[in-house]
Structure formats: structure tokens, C-alpha cells
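Undergrad:
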DNA sequence: TTTATTATTGACCGAACGGTAATTAAAAGT
DNA sequence: ACTTTTAATTACCGTTCGGTCAATAATAAA
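See the structure below:
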């Protein structure tokens, strides 16, 4: 018993996310959001809330998509090495794709730090979850003797996650895909098991 | 034959840098700069130029200080391992010190990306120079058989630099010093030579 | 067909933004 | 003492910011 909205809520939220991803939180104005969504201010406000609420919804959407993406990596029952290669390709592909540079969450972690409590929830959640998924991959690889057991899986996973953050920094700063590839190649190669013995 | 300025140019620039470091470029208003420097708007403008010019001067100051700091690490003729330990302590100390979280340059790299050409000069310069200094340390360590020669010094240095960026991300996001220490410990330990043979 | 509810629109708000013109004050050169 | 030059202060400018009010339009329920 009411007028239905004339736009696709999820589709528009995706568009809004892209704007925040590209321009940052403070760098995005309501005018930017209006242009990309082709909605007027009160429509955005009515559907998603104020600027900060839109932003948090955008962060959450990004996190969900990112989580799904990396969970798919693991669900396919590949070897640990193959999974890590897919992880690497994923990082390199996103660089050449048409979406904004870098990881939205990492970008926002550095813009907002720990000041925005709601944003911090999303940031911490993605960081922890992706670290845990990497740990699971490493654990598998250690059981299969693909990956060194010289260090605990957790430590190795922490380091891979940190390397990923670092690569995101380089990506955003305009580093070449070749350089990013070299770094990720090393990150993987240096934890292979056949070095041990 | 003119009136001298009543404040210390360099001291005030340092203060202004801290504001940009803490609040980011877009997050810093002229009012913020006025409060921290205790100067009025036209005084700031007269001495340093407009907001963007102040910002670039602040970035350059930070880069100079950072460069000097890491060059000092190398100039003391320690072993490569000792130098890397100092490098690690440096990263961990800056976390517990009273200056803003994270690396100013990394923060700005992620806020501005490649859009601000003048800022990009400073960002690229610090990234490249710190990578080169790390490469020099690694090269020394390889000659002394302290550090593995399984990979070229340049690759190892790239990876250490990337780990540093990643740690800066974690620091800014509020990670514990313990976690950062664990990651840096691994980064160093995993390139020691006594693993090879 | 009427009524209730909600989406959309256009106009508008006060506040904060970066920046500047005009004035006053202070030093140095003559 | 007087002029010149530059710093500091005050008041102000136009623009953009995020947000909202009032009016209109569209749907579903009665």
C-alpha cells in the first residue's frame, strides 16, 4: 500500500560503492552520489540514509563480495599451491579490471584509521576473515607437504595477508603489474616445502 | 628592509605536517591548520602558499626526515641482521610514539592515489629510495652470508618494503604491536642464510 | 473511487569550505 | 624622521558542503 521505488536498490548501492571506492569517504560529495546513481538527494536519503549510512552499506557490500570471492577460491578443492596461484591472479586481475584501484577496505582503513567505529567493524571483519581463509589454505598445504612447516600456518597466513595489504598500497600508488606479480611470486615461492629438507 | 616574521618557519611547518598526517589532506581544513600553528589564515598563505602548497611542503619534510632516519640505520656499520633489527624497532617504535599512526606517505598514497602529480613525486621518491636502501642492506647481508642468496637482493628488498607497507596498513587500522612484531620477525627470519645449505 | 502511504522532485537552509582585500603594525634603509 | 617593504589582523567573499521541507505523483488497500 504505497508507491514502489523506481530504481533497483542493490544495483544503485553497487554504483554508490564504486564512487566511495574511487573517491574515498571525504572525497565523495552528495553531488557525486547523485550523478552516479541518477537519483536526487532525498531519494538517496530515503533509501539508504545519510552519507555515512550509505558509506557503511557500501563497505558492507564490498566486504560481502570480497568474502564470497575468496571463499570460492577455497571451496574448489585444488591443491594449496593452485589455490595460492588463484589468489595471486585475483589480486593481479583486479588491477587490470575496470574497477577502481586498490582494495576499497584498505583504502578506507587508511583514510579513517580507527576513528569511525562502524567502518572499523567492516575493516576488521574483512582483515580477520581473509587471514583465516589464508591460514586454512596454508594448513592444507602443510598437510600435503606442499608448503613449509617451518612456521605455524597462522604466522605464514599473517604474512601473506600483510603482503596483500602491501601490494594494495603499491597498486593504488600506481605500481606496474609486473612489479606486483614479482612480489606475489616471491611471497608464494618462499613458503614452498621443497626448500626445507 | 622589511618586517620579520614572528614565528619559526620550520617549526610551524612541522606542526602543519602533523595535522595533515593525522587528518589526511581532505580531512584537514584551514581552521585545523590555524589552530595547530596559532597563525591566521593570511599568515599561513603568505609563508607557505595555499592549502595544497602547504601539503606538498609537509610531504617533502616528512620524506626528508624519513630518508634521513633510514639512512642513519645503514651508515652505522652494523651487520645486516643488526640493521634489519633496527629497521624493525624503528617501525614498532613509531607505533608507540606520540606521532600519528601509520606512515604519512603511505596514508597519502592511499588517499590520493595517482591523481595528485606533485604528491606522487614525493610518494614515489620515498618508496623507491627506501627500497634501494633495503636492497643495499640485503646485498651486504648476502656477502656476509647472513642472508640467503636464494633470491636476488632486489627481490628480497621489494618484499621487505611491501611487508613494511602492509604493516603500516595494520598499524593505522589499529593492530596490536605484538601482531606487528610477529610479522616483522617472520619477515626477517625467513630470509636468513642459515636455512639454506 | 476514495484514502493512506510512500517515492520523487525542486527549492532551500545554515554551516563550513578555501581564499582574499583592506587595514594596521613593525622592522630596515635613507 | 620619513619612506619602503613586508608581516599580521580583521572582516569578508563566493562556493560547496550535508541535509531537509513542502509539494507532487504514484501505487495499494478500503
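Chains as they are written, first to last, in the numbering used here: chain A, 101 to 297; chain G, 101 to 297.
Glycine residues also receive a C-beta, built at the ideal position from the N, C-alpha and C atoms.
1) Which term fits residue 195/A, buried or exposed, when burial requires 16 or more other beta carbons within 10 angstroms of its beta carbon?
2) With distances taken Cα to Cα, identify the nearest neighbour of residue 120/A among 277/A, 242/A, 255/A, 161/A.
3) I believe residue 208/A touches residue 286/A by the beta-carbon criterion, under 8 Å. Please report the beta-carbon distance rounded to the nearest angstrom.
4) Which residues does DSSP pair with residue 247/G in a beta bridge?
5) For residue 214/A, go through chain G and note every residue whose CB falls closer than 9 Å to its CB, in chain order.
6) Comparing alpha-carbon positions, which option in 165/G, 291/G, 159/G lies nearest residue 241/G?
7) Exposed or buried, which one is residue 198/A when buried takes at least 16 other CB atoms within 10 Å?
8) So what's residue 157/A in DSSP terms, helix, strand or just coil?
9) If residue 273/A sits next to residue 255/G, beta carbons under 8 Å apart, how far is it from one beta carbon to the other, in whole angstroms?
10) Could you work out which residues of chain A lie near residue 209/G, taking near to mean beta carbons separated by less than 8 Å?
11) Could you tell me the alpha carbon to alpha carbon distance between residue 293/G and residue 184/G, rounded to whole angstroms?
12) What in chain G is Cβ-close to residue 170/A, meaning under 9 Å?
13) Check whether the Cβ of residue 258/G lies closer than 8 Å to any Cβ atom in chain A.
14) Short check: CB of residue 137/G to CB of residue 144/G, under 8 Å?
15) Output, in chain order, the set of chain G residues within a Cβ distance shorter than 7 Å of residue 290/A.
16) Which residues of the stretch 161-186 of chain G have a Cβ closer than 8 Å to any Cβ of chain A? Give them in chain order.
17) I'd like to know whether the C-beta of residue 265/G is nearer than 8 Å to at least one C-beta of chain A.
18) In angstroms, rounded to a whole number, what distance separates the CA positions of residue 165/A and residue 152/G?
19) Alpha carbon to alpha carbon, how far is residue 202/A from residue 220/G?
20) Could you check the C-alpha separation between residue 131/A and residue 140/A for me, to the nearest Å?
21) Go through the stretch 199-236 of chain A residue by residue and report every complete run of the alpha helix (DSSP H) that reaches 4 residues or more, in order.
22) Do residue 280/G and residue 271/G have their CB atoms nearer than 8 Å?
23) Please identify the residue among 154/G, 234/G, 205/G whose C-alpha is closest to the C-alpha of residue 187/G.
24) Leaving aside the five residues before and after residue 298/G along the sequence, list all residues of the same chain whose C-beta is less than 7 Å from its C-beta, in chain order.
25) Less than 8 Å between CB atoms is the rule here; does residue 283/G satisfy it with respect to chain A?
26) For a contact meaning CB atoms closer than 8 Å, what does residue 126/A contact in chain G?
27) Which word fits residue 149/A, buried or exposed, when buried means at least 16 other C-beta atoms lie within 10 angstroms of its C-beta?
28) Taking only beta-carbon positions, decide if residue 237/A is within less than 8 Å of chain G.
29) Can you round the beta-carbon distance between residue 283/G and residue 262/A to whole angstroms, since I take them to be within the 8 Å contact cut?
TA: According to the structure shown:
1) buried
2) 161/A
3) The pair is not a contact, with the Cβ atoms about 28 Å apart (cut-off 8 Å).
4) 292/G
5) 201, 272, 273, 274
6) 291/G
7) exposed
8) helix
9) In fact, because the Cβ distance is near 19 Å, the residues do not count as touching under 8 Å.
10) 269, 272, 273
11) 14 Å
12) Per Cβ cutoff of 9 Å: no residues; residue 170/A is ~17 Å from chain G at best.
13) yes
14) yes
15) 290
16) none
17) yes
18) 36 Å
19) 16 Å
20) 9 Å
21) 204-212
22) yes
23) 234/G
24) With chain G covering only 101 through 297, there is no way to say anything about residue 298/G.
25) yes
26) 124, 126, 127
27) exposed
28) no
29) 5 Å
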